[in-house]
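Under the working numbering, think of the first position of the sequence shown as 451, with each following residue one higher.
Just so it is clear, CB atoms sit at the ideal spot from N, CA and C, and this is done for glycine as well.
Small disclaimer: the values here were computed from a predicted structure and weren't measured.
Some notes on the structure that comes next.
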Amino acid sequence: MTPPSPRGGLALIALFKLVKGMVLLLVGAALLRLVDPEIATFLAPAVELLHLHGHSRLVHSLLLKVSALSSHSVFLMAYASLLYSVFLLIEGCGLWLEASWAGYMAVISTSVFLPVEFYEVLRQISLMHVTIFLLNVAILGYLLAQLERRSLR
């Protein structure tokens, strides 16, 4: 028996959170791979499978920036990425399964970053910054409307 899938916008938000969680999981694993040879050996099959080599310009550019950091800083970034990815994956699964707690979790996690995103819009106005900010405001509005609708039932 497959779990029920959410309807409409909730499904899109859940998928967005799940994809973001998977990306951050890969980023965290890649950062750990850079600083710990044992982890690099452990992650080698996944790196091969996903073609995450340093051959692309984006990966090469990121490697140059990360290589300028201390090992301690890279470890902190890796663990923060891994921790946040677990949070996003739990949130995405909860939204997908329409768990009552997941809506509150999503409202809080979306709200937390709005001031930072607004600051980025003010600091450097760009289509990307404005789009990300407005998308998150729309997601927050949708989630709040869903919570309101549930509380009225």
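#1: Take every Cβ of the region 532–541, pair it with every Cβ of the region 472–484, and state whether three or more of those distances are shorter than 8 Å.
#2: Rank Leu-482, Ser-523 and Ala-552 by C-alpha distance to the C-alpha of Leu-590 and give the top, closest one.
#3: Since Ala-432 and Leu-468 should fall inside the 8 Å C-beta cutoff, what is the C-beta to C-beta distance between them, to a whole number of angstroms?
#4: Under the rule that 16 or more other beta-carbon atoms within 10 Å means buried, what is Thr-560, buried or exposed?
#5: Do the CB positions of Leu-519 and Val-557 come within less than 8 Å of each other?
#6: Contact defined as beta carbons within less than 8 Å: I believe Asn-617 pairs with Glu-570. What is the distance between those atoms, to the nearest angstrom?
#7: Does the beta-carbon distance from Leu-545 to Ala-464 come in below 8 Å?
#8: Would Val-524 and Val-485 be called neighbours here (beta carbons separated by less than 8 Å)?
#9: Go ahead and pull the three-state DSSP assignment for Gln-393.
According to the structure shown:
#1: yes
#2: Within the sequence shown, residue 590 is the residue found at index 140, counting from 1. Relative to the Cα of Leu-590, the nearest Cα in the group Leu-482, Ser-523 and Ala-552 belongs to Ala-552.
#3: Lying before the first or after the last residue shown, residue 432 is absent from the chain, which here runs from 451 to 603.
#4: Here the question's residue 560 lines up with position 110 in the sequence shown. The residue is buried, with at least 16 neighbouring Cβ atoms inside 10 Å.
#5: Taking the sequence shown and counting its residues from 1, the one referred to as residue 519 is at position 69. Taking the sequence shown and counting its residues from 1, the one referred to as residue 557 is at position 107. The answer is no: Cβ separation not under 8 Å.
#6: With the chain covering 451 to 603 only, the question about residue 617 has no answer from this structure.
#7: The residue given as residue 545 occupies position 95 in the sequence shown. The residue given as residue 464 occupies position 14 in the sequence shown. Yes; because the gap between Cβ atoms is below 8 Å, this pair is in contact.
#8: Locating residue 524 in the sequence shown gives position 74, counting from the first residue. Locating residue 485 in the sequence shown gives position 35, counting from the first residue. Cβ atoms of Val-524 and Val-485: closer than 8 Å.
#9: No answer is possible for residue 393: it lies beyond the span of the chain, which begins at 451 and ends at 603.
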